[in-house]
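K.L.:
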């Protein structure tokens with residue numbers, strides 16, 4: 001398996017996990033990391049959603065760049 005393919009799988013799994021937390025409020029494997037705990041302490045739910053959305057947009061841009069490099 002090529003390095004790029006491994007990076008794409010890892011990036012996809014990361015985005016999938018973040019999306020799962022965003023939509024359902026818990027990680028795919030039902031475990032909480034330090035990052036998850038800090039998100040809960042943010043207070044304002046709208047601010048929390050904006051931060052998560054920003055993170056997802058950055059991940060999507062990273063995946064897009066990886067795909068464009070492959071072509």
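In the UniProt record's numbering, the protein residues as written are 1 to 71. Ideal Cβ positions, reconstructed from N, Cα and C, are used throughout, including at glycine. Treat the numbers as computed from the prediction; the structure is a model and nothing was measured.
#1: If you reduce the DSSP assignment to three classes, tell me which class residue 2 lands in.
#2: Quick check: what's the CA-CA separation for residue 6 versus residue 66?
#3: Under three-state DSSP, which class holds residue 71?
#4: Measure how close the beta-carbons of residue 53 and residue 15 come, nearest whole angstrom, since I'm counting them as under 8 Å.
#5: What's the gap between the Cα of residue 64 and the Cα of residue 4?
#6: By alpha-carbon positions, which one of 9, 71, 60 ends up nearest to residue 19?
#7: Measuring only the C-alpha atoms, how far is residue 48 from residue 13?
P.N.:
Per the coordinate set shown:
#1: Translated into positions along the chain shown, residue 2 becomes position 2. It is coil, neither helix nor strand.
#2: Numbered from 1 along the chain shown, position 6 holds the residue referred to as residue 6. Numbered from 1 along the chain shown, position 66 holds the residue referred to as residue 66. Roughly 11 Å between the two C-alpha positions.
#3: Residue 71 sits at position 71 when you count from the first residue of the chain shown. Coil, per DSSP.
#4: Against the chain shown, residue 53 aligns to sequence position 53. Against the chain shown, residue 15 aligns to sequence position 15. So it is not a contact: roughly 13 Å between Cβ atoms.
#5: For the purposes of this step, residue 64 is identified with residue 64 of the chain shown, where counting begins at 1. For the purposes of this step, residue 4 is identified with residue 4 of the chain shown, where counting begins at 1. Their backbone Cα atoms lie some 13 Å apart in a straight line.
#6: Within the chain shown, residue 19 is the residue found at index 19, counting from 1. Nearest option by C-alpha distance: 60.
#7: Counting from 1 along the chain shown, the entry for residue 48 is found at position 48. Counting from 1 along the chain shown, the entry for residue 13 is found at position 13. For residue 48 and residue 13, the distance between alpha carbons rounds to 21 Å.
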